[in-house]
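Mapping to our numbering: the sequence shown position 57 is 77, numbers consecutive.
Ideal Cβ positions, reconstructed from N, Cα and C, are used throughout, including at glycine.
Every value quoted in this text rests on a predicted model; they were computed, and no experiment measured them.
What follows is a set of notes on a single structure, which appears directly below.
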Amino acid sequence: DPEVTTTTTVPPDDEACLPGRWTMKQDSLDLLVASAVPFGGSSVSSGGWVLDLGEDGAASSEAKFTLAFAPAPDTNAEADVFWNHSGTWQADGDELVLEMSQTEAGTTDFRMNGFSAPGAFPIDGVAGIQGGPYTCEANALRVTTTIGTQPLEMLFER
21 DPEVTTTTTV PPDDEACLPG RWTMKQDSLD LLVASAVPFG GSSVSSGGWV
71 LDLGEDGAAS SEAKFTLAFA PAPDTNAEAD VFWNHSGTWQ ADGDELVLEM
121 SQTEAGTTDF RMNGFSAPGA FPIDGVAGIQ GGPYTCEANA LRVTTTIGTQ
171 PLEMLFER
C-alpha cells in the first residue's frame, strides 16, 4: 500500500499578523482622498501613506502626497499635503481599532494656474482611518473604514 501524506495549511492568526509597517496601495489612497476632498477630479499624483502598528500597541501613520484637483471649472491645482497621526491600536475580534490622539495635517505648497504659495497651511477634519473590520495576511492588510457614511475598503501592503 502506498503511503498517504496529508498537508493542512493553517491560516495565520490575523491579530498576530498586524504589527509592522504597512503602505497603503495607490488606488486606496486615491479613494480615501476623493472621499475627503470636496473638489471633483481629486487624485494623488505622487507620494503615499504609511501605517506603523507596534508590538506594544502604539500606532502612527504618515501621509505625504501631492493632491491634484479642480477647485473650479477649467482650473487645475495641486497641493503638497501631509497627514500625521499617532496613538494606539488594538484588535477586538475582527475589528481593528485605531485611536489616534495626536493629529497634524496641512499643506506645504499650493500651486494653481502658475501661482505658487509655499508654506504650511493647516487642514482641519483630516480623513484618518479609525479602523474597522479587517483581514490580515503575511503581506496584505484590508481594513474597511467609514468616511462619513461611506464604507471604504483600504488595502495596505508590506
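CB of residue i within 9 Å of CB of residue j, strictly
| i | j | result |
| --- | --- | --- |
| S63 | G168 | no |
| S106 | A79 | yes |
| F89 | F135 | no |
| P171 | L116 | no |
| S65 | L87 | yes |
Sheet register partners of residue i (DSSP bridge)
| i | result |
| --- | --- |
| L172 | T165 |
| S63 | A88 |
| A160 | E157 and E177 |
| G74 | Answer by DSSP bridge pairing: none, since G74 is not bridged. |
Extent of the continuous alpha helix (DSSP H) to which residue i belongs
| i | result |
| --- | --- |
| S48 | Q46 to A56 |
Integer Cβ distance of residue i from residue j, believed to fall under 8 Å
| i | j | result |
| --- | --- | --- |
| E177 | N159 | 6 Å |
| C39 | E75 | Position check: residue 39 holds Pro in this sequence, whereas Cys was assumed. Confirmed, Cβ separation roughly 5 Å. |
| A97 | R131 | 6 Å |
| T128 | F102 | 7 Å |
| A111 | E35 | 4 Å |
Where the beta strand (DSSP E) through residue i begins and ends
| i | result |
| --- | --- |
| P39 | Neither: P39 is in no beta strand (DSSP E) and is coded neither H nor E. |
Which runs of the beta strand (DSSP E) at least 3 residues long sit entirely within the region 76-148? Give them in chain order. Here the runs fully enclosed are 78-92, 95-112, 115-132 and 135-142.
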